[in-house]
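Chains as they are written, first to last, in this note's numbering: chain L, 9 to 120; chain W, 3 to 117. Ideal Cβ positions, reconstructed from N, Cα and C, are used throughout, including at glycine. The block underneath contains the structure these notes are about, expressed in structure tokens.
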Amino acid sequence: KAGVTQTPRYLIKTRGQQVTLSCSPISGHRSVSWYQQTPGQGLQFLFEYFSETQRNKGNFPGRFSGRQFSNSRSEMNVSTLELGDSALYLCASSLIGHEGYTFGSGTRLTVV
Amino acid sequence: DQQVKQNSPSLSVQEGRISILNCDYTNSMFDYFLWYKKYPAEGPTFLISISSIKDKNEDGRFTVFLNKSAKHLSLHIVPSQPGDSAVYFCAASISGAGNNRKLIWGLGTSLAVNP
């Protein structure tokens with residue numbers, strides 16, 4: 009079966025701009041979680057969506073937001089980009105929660 | 003405050019020998035632990051897990067040991083192979099409000115298996 013698909017794979021944006029990243033989970037998976045990975049900070053949890061509702065949220069500023077559609081596809085948006093937002097953004101899906109997460113390959117965001 | 007700690011950022015092992023990756027945690031309410039492996043330019047992939055009611059779980063070359071009194075778990079890879087070279091993340095799970103579960107991640111240990 010198809011894995012978790014994240015688009016785009018690479019993105020370069022300028023400070024102050026906004027960006028939208030997309031994640032298509034494995035068919036049938038209803039839970040989608042987003043993570044930010046930076047060197048030295050490991051995997052930082054952004055948020056989790058389940059059946060179109062955000063049910064967990066990490067400690068990120070309000071510039072980071074997300075949503076999930078009825079087909080379980082999810083998007084995350086970062087507004088007013090800062091240099092420190094440069095990172096690998098990973099999406100993971102599972103049937104009900106984090107056990108058995110399947111990750112996508114990530115979107116590498118560079119803010120210049 | 004890092005609740006899940008992988009104190010060794012990197013580890014180098016000879017092919018065929020044992021690799022031992024360590025993970026310490028601070029919250030005694032964690033009840034499920036997972037190990038993920040990550041290659042460059044790819045997302046992490048699930049490797050092995052263990053429930054807090056067990057002290058050992060084995061899957062082929064991979065064994066995870068849990069010492070609850072010490073709040074410590076370790077991943078053993080025997081024998082190590084060059085293809086095992088990757089970053090290994092330890093994660094701990096805790097039940098939150100509304101029966102939601104949260105996953106807390108360590109910073110990862112980069113394993114290099116030398117031929």
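Exercise. From W:31, W:38, W:30, pick the residue whose C-alpha is nearest to that of residue 87 of chain W; which is it?
Worked result: What you label residue 87 of chain W is simply residue 85 of the second sequence in a count that begins at 1. When C-alpha distances from residue 87 of chain W are compared across W:31, W:38, W:30, the shortest belongs to W:38.
Exercise. Quick one: what's residue 91 of chain W bridged to in DSSP?
Worked result: Within the second sequence, residue 91 of chain W is the residue found at index 89, counting from 1. Bridge partners of residue 91 of chain W: W:38.
Exercise. Thinking just about the alpha-carbon of each residue, which of W:117, W:116, W:70, W:90 is nearest to the one in residue 27 of chain W?
Worked result: If you number the second sequence from 1, residue 27 of chain W lands on position 25. Ranking W:117, W:116, W:70, W:90 by Cα distance to residue 27 of chain W puts W:70 first.
Exercise. In terms of residue numbering, what span does the beta strand (DSSP E) encompassing residue 84 of chain L cover?
Worked result: Stepping through the first sequence from its first residue, residue 84 of chain L is reached at position 76. Unbroken beta strand (DSSP E) run through residue 84 of chain L: 82-86.
Exercise. Would residue 84 of chain L be called buried (16 or more neighbouring beta carbons within 10 Å of its own) or exposed?
Worked result: If you number the first sequence from 1, residue 84 of chain L lands on position 76. Around the beta-carbon of residue 84 of chain L, 16 or more other beta-carbon atoms lie within 10 Å, marking it buried.
Exercise. CB-CB under 6 Å to residue 67 of chain W, same chain, minus the five flanking residues each way: which ones, in chain order?
Worked result: Within the second sequence, numbered from 1, the residue matching residue 67 of chain W stands at position 65. Cβ contact annotation for residue 67 of chain W (same chain, cutoff 6 Å, sequence separation greater than five): 58, 76, in chain order.
Exercise. For a contact meaning CB atoms closer than 9 Å, what does residue 113 of chain L contact in chain W?
Worked result: For the purposes of this step, residue 113 of chain L is identified with residue 105 of the first sequence, where counting begins at 1. Listed along chain W are 43, 44, 45, each with a C-beta nearer than 9 Å to that of residue 113 of chain L.
Exercise. Looking at the structure shown, is residue 92 of chain L part of a helix, part of a strand, or coil, going by DSSP?
Worked result: Reading the first sequence from its first residue, position 84 is the one you call residue 92 of chain L. Look at residue 92 of chain L here: in three-state DSSP terms it is helix.
Exercise. In chain W, which residues lie less than 8 Å from residue 50 of chain L when you measure between Cβ atoms?
Worked result: Locating residue 50 of chain L in the first sequence gives position 42, counting from the first residue. Correct list: 91, 107, 108, 109, 110.
For this session: Excluding the 5 residues preceding and the 5 following residue 158 of chain L in the sequence, name in chain order all residues of the same chain whose CB lies nearer than 6 Å to its CB.
Result: The first residue shown for chain L is 9 and the last is 120, placing residue 158 of chain L beyond what the model contains.
Exercise. Got a sec, what are the start and stop residues for the beta strand (DSSP E) residue 114 of chain W sits in?
Worked result: Reading the second sequence from its first residue, position 112 is the one you call residue 114 of chain W. Looking at the DSSP string, the run of the beta strand (DSSP E) that includes residue 114 of chain W is 111-116.
For this session: Find the residues of chain W that neighbour residue 109 of chain L, judging by a C-beta separation of less than 7 Å, and give them in chain order.
Result: The residue labelled residue 109 of chain L in the question sits at position 101 within the first sequence. What residue 109 of chain L touches in chain W: 48.
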